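Peer 1: Quick one: the structure is below, and I'll ask about it shortly.
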Amino acid sequence: DPFLRSRAVLPKPLDQLAEMADGVSRDAGKGRLVRHESEKDFAAFLGALGARVTRDGTNSCDDIRMATYRSTDRRRLIVHLVNYRVPLGVDAPPVEEARDVCVRLPLPAGQHLAGFRVLAPDQSTPDAGHVSAEGAEVTIRIPLLRIYTVVELTMDTVP
2 DPFLRSRAVL
12 PKPLDQLAEM
22 ADGVSRDAGK
32 GRLVRHESEK
42 DFAAFLGALG
52 ARVTRDGTNS
62 CDDIRMATYR
72 STDRRRLIVH
82 LVNYRVPLGV
92 DAPPVEEARD
102 VCVRLPLPAG
112 QHLAGFRVLA
122 PDQSTPDAGH
132 VSAEGAEVTI
142 RIPLLRIYTV
152 VELTMDTVP
């Protein structure tokens, strides 16, 4: 089975993930690695940071994973959303699409939203989502998450 073969070695600091127990977090470069096996614990962890991921108008984020990356110039925040309800294998059943995905994130201190791009390579329309900001929080709305969506937030310093 090609899906059970050994995987390539992960680069640092991601190589630490395999050894981390559930509920553990550790510093990794300028960021933080966190591992939560339970959806409930993951949602609670995000909530403590001021972030929320919901779908279909509920507080559930089952099978949706989010990773955020900040550019070195601190002017861009990249949000990567992945739908894990994607069957693998030959003659796999269709993808279970996630609908009405909403992500709320705190904006970095001293910055405001200047612009955004929503990229969904597996969808034919370039308008795959909407982003808005209110106060120190940004809201990302993705009407349909098939496999993955990348959102690039551009920020300016508050005058």
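Count along the sequence shown starting at 1, add 1, and that's the number in this note's numbering. We put the beta carbon where it would ideally sit given N, CA and C, even for glycine. Please read all numbers here as calculations on a predicted model, not as lab measurements.
Tell me which same chain residues have a C-beta within less than 6 Å of the C-beta of residue 139, skipping the five on either side of it?
Peer 2: Only 106, 108 and 114 meet the Cβ criterion.
Peer 1: Rounded to a whole number of angstroms, what is the C-alpha to C-alpha distance between residue 162 and residue 151?
Peer 2: The displayed coordinates of the chain run from 2 to 160. Any statement about residue 162 would go beyond what the structure contains.
Peer 1: For residue 88, list the residues DSSP reports as bridge partners.
Peer 2: Bridge partners of residue 88: none, in fact.
Peer 1: What number of angstroms, rounded off, separates the C-alpha of residue 41 from the C-alpha of residue 65?
Peer 2: The alpha-carbon atoms of residue 41 and residue 65 are separated by roughly 12 Å.
Peer 1: Within the same chain, show all residues whose beta-carbon is closer than 7 Å to that of residue 158, passing over the 5 residues directly before and after it, in chain order.
Peer 2: Once the five neighbours on either side are set aside, the close Cβ partners of residue 158 are 111 and 112.
Peer 1: If I'm right that residue 14 touches residue 30 with Cβ under 8 Å, what's the distance once you round it to whole angstroms?
Peer 2: Yes, residue 14 and residue 30 are in contact; Cβ-Cβ is about 6 Å, under 8 Å.
Peer 1: Residues bridged to residue 158 by DSSP?
Peer 2: Answer is 112, bridged to residue 158.
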